[in-house]
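Trainee: Dropping the structure in here first, questions after.
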Amino acid sequence: MITIKQFKKIIFINIPLLLIILFLIGCGEEKEDSNLNTSENNLQEQSNEEANNQNNDEEENDSEQTVEKSETKTSQDEVTSDNSAEEQSNESSNDEVENLLSNYSSQEIEYARIWLQFGVIKDVDEINVYHIPAGTPLNPDDSTSASYPEDVIQLAGIRLVEGSITYSGNGDGTINIYNVPLRWDGEYPAGEEFYNEIIDNTKLKYVDPGDDEEVIQLIQVLNIHN
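Pasting the structure below:
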């Protein structure tokens, strides 16, 4: 049996060993705490870094979207500006043409438009304009010729190949075209029925406004006979 004195001696001898063990245990716990703190800090830093990166990405996206919107708006503004300039240019051009047409009478404009649309040859040196009153024979050289039932106008070139247009106006943008030649060929008398058929088969045509500049060019070569 161990006596009290012997027990105290054993404990006294082993105190340094116990202290060393306790010290090592304490160091181990501090190291584990340190590792845990370091790990937690690393996780926190990583989380913060990811959050910062996400914020930076969002800021970059916002910046890019802002730039894109700005560029799109600038492009739209440029297109709008170009369209406005083009519209103003077209309006100015139309005004100029209208001002040019205003220098001529409605009759002159009518003659030129009709020749431009129905003339055999558009580019001629001269267009003769004859006013033929109602009651005038279609063919003055044929005693059996029927007469025009209304006032008509005849447009004719200076050469036979350039043809002619004989018509009456309806006052609504349409005309009645008579199928009569500039020069009558054939055997006469042809008979009144032949001429009445021409009168009965006039063609109703709408007169297109045509190109104003071409109309003005044709007005310049009109030779109107009273």
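Counting along the sequence shown from 1, when you hit position 75 you're at 75 in the UniProt record's numbering, and nothing is skipped either side.
Ideal Cβ positions, reconstructed from N, Cα and C, are used throughout, including at glycine.
1. Can you tell me where the alpha helix (DSSP H) with I219 in it begins and where it stops?
2. What are the residues that DSSP puts in a beta bridge with L222?
3. Taking the CB atoms as reference points, tell me whether N179 and K203 lie closer together than 9 Å.
4. Given a cut-off of 9 Å, decide if L155 and Y111 are closer than it, judged by their beta-carbon atoms.
5. Answer with buried or exposed for T136, where buried requires no fewer than 16 other C-beta atoms within 10 angstroms of its C-beta.
6. Is the Cβ-Cβ distance between G157 and I114 less than 9 Å?
7. Expressed to the nearest angstrom, what Euclidean distance is found between the alpha-carbon atoms of N226 and V129?
8. Pull up the distance between the alpha-carbon of S143 and that of G171, whole angstroms please.
9. Taking S106 as part of the alpha helix (DSSP H), name the residues at either end of that continuous run.
10. What span of residues does the beta strand (DSSP E) with N176 cover, start to end?
11. Considering only their Cβ atoms, is the gap separating V152 from S168 smaller than 9 Å?
Mentor: Looking at the atomic coordinates:
1. Stepping through the sequence shown from its first residue, residue 219 is reached at position 219. It spans 212-219 - the alpha helix (DSSP H) in which I219 sits, taken as one unbroken run.
2. Position 222 of the sequence shown holds residue 222. DSSP, once it has assigned bridges, lists I127 as partnering L222.
3. As a first step, residue 179 is located in the sequence shown; it is residue number 179 there, counting from the start. As a first step, residue 203 is located in the sequence shown; it is residue number 203 there, counting from the start. Contact flag set, yes.
4. By one-based count along the sequence shown, residue 111 stands at place 111. By one-based count along the sequence shown, residue 155 stands at place 155. Yes; because the gap between Cβ atoms is below 9 Å, this pair is in contact.
5. Mapped onto the sequence shown, residue 136 falls at position 136. T136 comes out exposed.
6. Numbered from 1 along the sequence shown, position 157 holds the residue referred to as residue 157. Numbered from 1 along the sequence shown, position 114 holds the residue referred to as residue 114. For the 9 Å CB-CB criterion, G157 and I114 do not form a contact.
7. Residue mapping note: residue 226 aligns to position 226 of the sequence shown, counting from 1. Residue mapping note: residue 129 aligns to position 129 of the sequence shown, counting from 1. Their Cα atoms are separated by approximately 9 Å.
8. Here residue 143 corresponds to residue number 143 of the sequence shown, with the count starting at 1. Here residue 171 corresponds to residue number 171 of the sequence shown, with the count starting at 1. Looking at the two C-alpha atoms, the distance is approximately 32 Å.
9. The count along the sequence shown starts at 1 and reaches residue 106 at position 106. Residues 106-118.
10. Position 176 of the sequence shown holds residue 176. Here the beta strand (DSSP E) through N176 covers 174-178.
11. Along the sequence shown, one-based indexing puts residue 168 at 168. Along the sequence shown, one-based indexing puts residue 152 at 152. Contact: yes.
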